[in-house]
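Structure first, commentary second.
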Amino acid sequence: DGGITQSPKYLFRKEGQNVTLSCEQNLNHDAMYWYRQDPGQGLRLIYYSQIVNDFQKGDIAEGYSVSREKKESFPLTVTSAQKNPTAFYLCASSIAGSGNTIYFGEGSWLTVV
Amino acid sequence: DAKTTQPPSMDCAEGRAANLPCNHSTISGNEYVYWYRQIHSQGPQYIIHGLKNNETNEMASLIITEDRKSSTLILPHATLRDTAVYYCIALRISGTYKYIFGTGTRLKVLA
Chain Y
1 DGGITQSPKY LFRKEGQNVT LSCEQNLNHD AMYWYRQDPG QGLRLIYYSQ IVNDFQKGDI
61 AEGYSVSREK KESFPLTVTS AQKNPTAFYL CASSIAGSGN TIYFGEGSWL TVV
Chain W
114 DAKTTQPPSM DCAEGRAANL PCNHSTISGN EYVYWYRQIH SQGPQYIIHG LKNNETNEMA
174 SLIITEDRKS STLILPHATL RDTAVYYCIA LRISGTYKYI FGTGTRLKVL A
């Protein structure tokens, strides 16, 4: 099936540890995105990438890092510098060119313990 | 990108039409209106989008006013599975990849 796969679905992290969330898509989309969602809130853009080996900061990039070495993959690392990382993280993709429909994965829950 | 305003919550009886309003009074001529919905703890699901004309697909209808300052998403026969948060987004045709999601409307379909 075509789609966006995020893993793991649930992740627990100790304070001070970095953690990487995986996002893979087989839709042949050029653009990929990471959003963060806190309970009862809307989505906030962390990073986005329009093409391989290129990415831009969104509205809340501090404490996060990404890479885009392959078209299909856009992993997000939540670093220890992120002060409040507990949240629901959503990966998305779209075809190249803005104004195109964005499609989401099922999300990953990160909890800091 | 234009800001959108939606009511925080709405109820609808099962089997009736659900009409979800969205205000986008500052929308410009090159911005689409997109609708997504999110069921709890899942990724948002694309529903429909439009520029000027009304649109219909298998999920819903989108009615955009002539001045494009507001729109209404219509679920013709709401079911319990339509209970979700519905997001209205104004998205520029070119120049940006920043899809801005607000807090949406929490629709509860009642049995």
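Residue numbers (my numbering), protein chains in the order written: chain Y, 1 to 113; chain W, 114 to 224. A virtual CB, placed ideally from N, CA and C, is assigned to each residue, including glycine.
Residues of the stretch 37–51 of chain Y with Cβ closer than 7 angstroms to any Cβ of chain W, in chain order: Gln-41, Gly-42, Leu-43, Leu-45, Tyr-48 and Gln-50
Measuring straight from C-alpha to C-alpha, what distance separates Phe-12(Y) and Met-123(W)? Locating residue 12(Y) in the first sequence gives position 12, counting from the first residue. Locating residue 123(W) in the second sequence gives position 10, counting from the first residue. The alpha-carbon atoms of Phe-12(Y) and Met-123(W) are separated by roughly 34 angstroms.
Starting from the beta carbon of Glu-106(Y), find every residue of chain W whose beta carbon is closer than 9 angstroms, and list them in chain order. As a position in the first sequence, residue 106(Y) is number 106, starting the count at 1. Ser-154, Gln-155 and Gly-156, listed in chain order.
Going by beta-carbon coordinates alone, are Leu-133(W) and Tyr-212(W) separated by less than 8 angstroms? Position 20 of the second sequence, counted from the first residue, corresponds to residue 133(W). Position 99 of the second sequence, counted from the first residue, corresponds to residue 212(W). No, the pair does not count as a contact, with Cβ atoms beyond the cut-off.
Inter-residue Cα distance where the pair is Glu-179(W) and Arg-129(W): Locating residue 179(W) in the second sequence gives position 66, counting from the first residue. Locating residue 129(W) in the second sequence gives position 16, counting from the first residue. Roughly 26 angstroms separates the two Cα atoms.
For Asp-59(Y), which of helix, strand or coil comes out of DSSP? By one-based count along the first sequence, residue 59(Y) stands at place 59. Note: Asp-59(Y) maps to coil in three-state DSSP.
Pick helix, strand or coil for Arg-150(W), following the three-state DSSP scheme. Within the second sequence, residue 150(W) is the residue found at index 37, counting from 1. In this structure, Arg-150(W) counts as strand in the three-state DSSP scheme.
Going by DSSP, name the residue or residues bridged to Ala-126(W). Here the question's residue 126(W) lines up with position 13 in the second sequence. Leu-223(W).
Leu-90(Y) CB to nearest chain W CB: under 8 angstroms? Here residue 90(Y) refers to the residue found at position 90 when the first sequence is read from its first residue. Put simply, the CB of Leu-90(Y) is near chain W, with a gap under 8 angstroms to one of its CB atoms.
Going straight from the alpha carbon of Ser-108(Y) to that of Ser-183(W), what length do you get? Position 108 of the first sequence holds residue 108(Y). Position 70 of the second sequence holds residue 183(W). Their Cα atoms are separated by approximately 33 angstroms.
For the beta strand (DSSP E) containing Thr-185(W), list its first residue and its last residue. As a working mapping, residue 185(W) is identified with position 72 in the second sequence. Start and end: 183–188.
If we ignore side chains and look at the alpha-carbon of each, how far apart do Ile-176(W) and His-162(W) end up? For the purposes of this step, residue 176(W) is identified with residue 63 of the second sequence, where counting begins at 1. For the purposes of this step, residue 162(W) is identified with residue 49 of the second sequence, where counting begins at 1. Near 10 angstroms, if we compare the C-alpha coordinates of His-162(W) and Ile-176(W).
Using a cut-off of 9 angstroms between C-beta atoms, extract the partners of Thr-101(Y) located in chain W. For the purposes of this step, residue 101(Y) is taken as residue 101 along the first sequence, with counting starting at 1. Chain W residues near Thr-101(Y): Tyr-147, Tyr-159 and His-162.
Determine the extent of the beta strand (DSSP E) in which Ala-92(Y) is found, giving its start and end residues. Indexing the first sequence from 1 puts residue 92(Y) at position 92. Ala-92(Y) -> beta strand (DSSP E) spans 87–94.
Which residue's Cα is closest to the Cα of Gly-215(W): Leu-76(Y), Ile-4(Y) and Asp-38(Y)? Locating residue 215(W) in the second sequence gives position 102, counting from the first residue. Ranked by Cα distance from Gly-215(W), the options Leu-76(Y), Ile-4(Y) and Asp-38(Y) are led by Asp-38(Y).
Which residue's Cα is closest to the Cα of Ala-203(W): Ser-138(W), Ala-126(W) and Pro-121(W)? One-based indexing of the second sequence puts residue 203(W) at position 90. Closest by alpha carbon: Ser-138(W).
Have a look at Leu-76(Y) and Gly-40(Y) and give me their C-alpha separation to the nearest angstrom. In the first sequence, residue 76(Y) corresponds to position 76, counting from 1. In the first sequence, residue 40(Y) corresponds to position 40, counting from 1. One C-alpha to the other measures close to 22 angstroms.
In or out: Gly-217(W) buried (at least 16 other Cβ within 10 Å) or exposed? Within the second sequence, numbered from 1, the residue matching residue 217(W) stands at position 104. It counts as buried.
Along the beta strand (DSSP E) that carries Val-112(Y), what are the first and last residues, could you check? As a position in the first sequence, residue 112(Y) is number 112, starting the count at 1. Val-112(Y) -> beta strand (DSSP E) spans 108–112.
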